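**Student:** Positions 1 to 283 (full-length UniProt numbering) are the ones given, in order, by the sequence shown.
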Amino acid sequence: MTALDAPAVAGWLTGALGGGVEVFDLGRPLYRGMPQSPNHPPYWHTLPRRHGDAVRADGGSAAADHISLGTHVGTHVDAFSHVSHDGRLFGGVDAAEAQRGGSMSAHGAETIEPMFRRGVLLDVPGALGLPTCEPGYEITPDDLDLTVRRQGVDVRDGDVVLLRSGWGARFGQGGPAEYIGHDSGVPGIGEAGARWLAERRVHAAGADTIAFECLPPGRGHSLLPAHRVLLVEHGTYIIETLDLERIAAAAVHEFLFVLSPLKLVGATGSPVRPLAVTPKAAS
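And the structure:
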């Protein structure tokens, strides 16, 4: 079920559909006041046209919406144009030149191909015997190795690897600050964990937190080395703000991962609604 093994994907899916599938929705709901990084425009929704504003001759009426949000709000995927280092994007692209004119001419969100790949969930606190990782905890390569061993899964070239820290349970609980975790810190991988993923040549990596990687208490997004390693140095997509609680509770660690970004030309990321698909368990 890797991107390089399309016949196996097709065979697996055909067999799964014959017996039914279970779909885990890994995306977060979008609503006004939701937790989000303060670095991005918030989600907003209005009804500029309401029922009764215009009524057809037969009595019919329609309502219509207007939404606005940053491309890195809610569950989303980072394009390679999202982060630069020393003025360069992935592949050595000049970031200043690429953003000339107010839109990214290289590595825009429209270049992110839909993902239909083998997915692996690494439930780190589950492997460590904990309900959740502590605030500000850095998930180490040793933790990742331990999780792989205890779950009995492997990480292969081209996989999408999702890292559960347990922090996602805070989404929607208390105020948004609880999930953002600026003062408390947020668990996640650091540079070493990012290199662990890069060495395994994963296609994308995601997490149940707002910034994917470890945020020490009080430091917010001041340093994001995992973004540099994955997006700039290795061309690995990052998916943030995932909902991994239900799939972890079901102990599903291997699945078909499906994600389709919006074709937002020149954008640095895209909202997404990822799905994990597995054969339905026998009753």
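Even for Gly, the Cβ is constructed at its ideal location relative to N, Cα and C.
Predicted model, so just to flag it, every value in this text is computed and none were measured.
For the candidate residues Ala281, Asp65, Val258, Leu26, whose alpha-carbon lies nearest to that of Glu113?
**Tutor:** Val258
**Student:** For Val124, report the span of its alpha helix (DSSP H) as first-last.
**Tutor:** 124-128
**Student:** Give the straight-line distance between the Cα atoms of Arg219 and Ala177, rounded to the nearest whole angstrom.
**Tutor:** 14 Å
**Student:** Could you check what DSSP says for Thr75 in three-state terms: helix, strand or coil?
**Tutor:** coil
**Student:** Exposed or buried, Ala6, counting other C-beta atoms within 10 Å across all chains shown (16 or more means buried)?
**Tutor:** Because Ala6 sits at a pLDDT of 47, beneath the cut-off of 50, its placement in the model cannot be relied upon, and the following sentence gives the value as read from the coordinates. Answer is exposed; the Cβ neighbour count stays below 16.
**Student:** Give a single yes or no on whether Pro225 has its beta carbon closer than 7 Å to a heavy atom of the ligand GTP.
**Tutor:** Annotation note on the ligand GTP: not contained in the displayed structure, which lists no ligands.
**Student:** Run the CB neighbour count on Leu130, radius 10 Å, all protein chains shown included, and call it buried at 16 or more, exposed below.
**Tutor:** Exposed, since its Cβ has fewer than 16 Cβ neighbours within 10 Å.
**Student:** Excluding the 5 residues flanking Leu4 on each side, which residues of the same chain have their C-beta closer than 8 Å to its C-beta?
**Tutor:** Confidence at Leu4 is low in this model, with a pLDDT of 44, below 50, so its placement is unreliable and the value that follows should be read with caution. Same-chain partners within the cutoff: Asp157, Gly158.
**Student:** Beta-carbon separation of Val124 and Asp154 under 8 Å?
**Tutor:** no
**Student:** I'd like the list of long-range same chain contacts for Ala198, defined as Cβ closer than 8 Å, with 5 residues on each side in sequence excluded.
**Tutor:** Val229, Leu230, Glu233, His234, Thr236
**Student:** Taking 8 Å as the threshold (C-beta atoms), are Ser68 and Pro41 in contact?
**Tutor:** yes
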